[in-house]
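Here the structure is laid out as structure tokens; the discussion comes afterwards.
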Amino acid sequence: MLITELKAKETILSLIKGKVFIINCHGCKEISFPEKEAEELQKELIVSGNVTGVITTDYICNPDNLKLRLEKYTAEIEAADMVLVFSCGVGVQTVADLFPCKRVCAGCDTYALPGFQGVTPLEVDCKQCGECYLNLTGGICPITACSKSLVNGQCGGAKNGKCEVDPNMECGWERIIRRLTQIGRLDVLKCPVQVRNYATDDEVK
Ligand code: SF4
Ligand code: SF4
Numbered sequence: 033m034l035i036t037e038l039k040a041k042e043t044i045l046s047l048i049k050g051k052v053f054i055i056n057c058h059g060c061k062e063i064s065f066p067e068k069e070a071e072e073l074q075k076e077l078i079v080s081g082n083v084t085g086v087i088t089t090d091y092i093c094n095p096d097n098l099k100l101r102l103e104k105y106t107a108e109i110e111a112a113d114m115v116l117v118f119s120c121g122v123g124v125q126t127v128a129d130l131f132p133c134k135r136v137c138a139g140c141d142t143y144a145l146p147g148f149q150g151v152t153p154l155e156v157d158c159k160q161c162g163e164c165y166l167n168l169t170g171g172i173c174p175i176t177a178c179s180k181s182l183v184n185g186q187c188g189g190a191k192n193g194k195c196e197v198d199p200n201m202e203c204g205w206e207r208i209i210r211r212l213t214q215i216g217r218l219d220v221l222k223c224p225v226q227v228r229n230y231a232t233d234d235e236v237k
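Each position in the sequence shown, counted from 1, maps to that position plus 32 in our numbering.
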């Protein structure tokens, strides 16, 4: 199980550049979703005139479901410079996969909760690390896409684009760099060294 928590308001506001389309996922909200706080923040953004559209739906972690739900918002999404997603890490990654040339940002952090973990046949994974890095890595999770879970990749061991730990998988950090290049955001890698806060990560406690 997991819970999602809103990132700090200043953090979310600092992500917004240009027009934004907002996606809220209430798929697992019975566990915990910062519905009211997200709504308040979004009201402010709408008043500022920078929002092209908002959708509140469920299970955006299912790519087919996501595509179907977004069909009637094509114009609003095209008009936006970025998509801001309020969901767990899997939802944000699924949206990023759907829009490879668009900037996709996470409005929430995802934390693990003890209990049964839903089984979803997905390409992407979130280890619920409690400090979501997707805004720095173009919507590709460095914890799950890199064998060493590096937040300051890459390690230098990749050969022909394959991971040195598992040659059957693509180097996650090569994917991240490709994606950042594609969305014109390589500049985010110039930010100070990221230090991972292991205190928020249930898996490594
Ligand atoms: S960085 Fe990865 S593991 Fe951590 S919350 Fe985001 S998607 Fe999940
Ligand atoms: S080769 Fe790439 S994916 Fe593998 S551990 Fe190094 S940075 Fe991570």
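Backbone N, C-alpha and C define an ideal beta-carbon position, used for all residues, glycine too.
For clarity, every value in this text was computed on a predicted model and none was experimentally measured.
Spatial distance of residue i from residue j (CA atoms)
i, j, result
"residue 176", "residue 161", "10 Å"
"residue 65", "residue 163", "16 Å"
"residue 78", "residue 231", "35 Å"
"residue 220", "residue 180", "21 Å"
"residue 226", "residue 76", "30 Å"
"residue 94", "residue 84", "23 Å"
"residue 103", "residue 155", "21 Å"
"residue 213", "residue 206", "11 Å"
"residue 35", "residue 196", "33 Å"
"residue 33", "residue 118", "17 Å"
"residue 194", "residue 105", "37 Å"
"residue 107", "residue 131", "14 Å"
"residue 192", "residue 198", "12 Å"
"residue 229", "residue 217", "24 Å"
"residue 80", "residue 63", "31 Å"
"residue 223", "residue 121", "21 Å"
"residue 233", "residue 67", "23 Å"
"residue 126", "residue 159", "15 Å"
"residue 101", "residue 188", "40 Å"
Residue nearest to residue i in terms of C-alpha spacing, selected from the options
i, options, result
"residue 200", "209, 190, 227", "190"
"residue 116", "180, 39, 156, 145", "39"
"residue 203", "229, 69, 174", "174"
"residue 60", "216, 187, 92", "92"
"residue 124", "210, 98, 228, 74", "98"
"residue 37", "187, 218, 145", "145"
"residue 210", "80, 121, 133", "133"
"residue 215", "167, 188, 69", "167"
Residues near residue i in its chain [Cβ-Cβ closer than 7 Å; skip 5 each side]
i, result
"residue 88", "56, 58"
Beta bridge counterpart(s) of residue i as assigned by DSSP
i, result
"residue 117", "55, 138"
"residue 35", "143"
"residue 213", "Per DSSP, none; premise fails for residue 213."
"residue 194", "191, 202"
"residue 161", "143"
"residue 85", "53"
Contacts around residue i, its chain only, beta-carbon distance under 6 Å, and the 5 residues preceding and following it disregarded
i, result
"residue 169", "208"
"residue 128", "136, 171"
"residue 185", "178, 205"
Neighbourhood of residue i by C-beta distance below 8 Å, restricted to the same chain and skipping five residues each side
i, result
"residue 82", "48, 50, 51, 52"
"residue 165", "173, 174, 175, 183, 226"
- Message: I want to know whether the region 33-45 touches the region 129-139 - three or more CB-CB distances under 8 Å.
- Response: Counting Cβ pairs under 8 Å, three or more are found: they touch.
| message | For the structure I just gave you, are there three or more beta carbon pairs, one from the region 98-111 and one from the region 47-55, closer than 8 Å? | response | Pairwise C-beta distances place the region 98-111 in contact with the region 47-55, as three or more of them are shorter than 8 Å.
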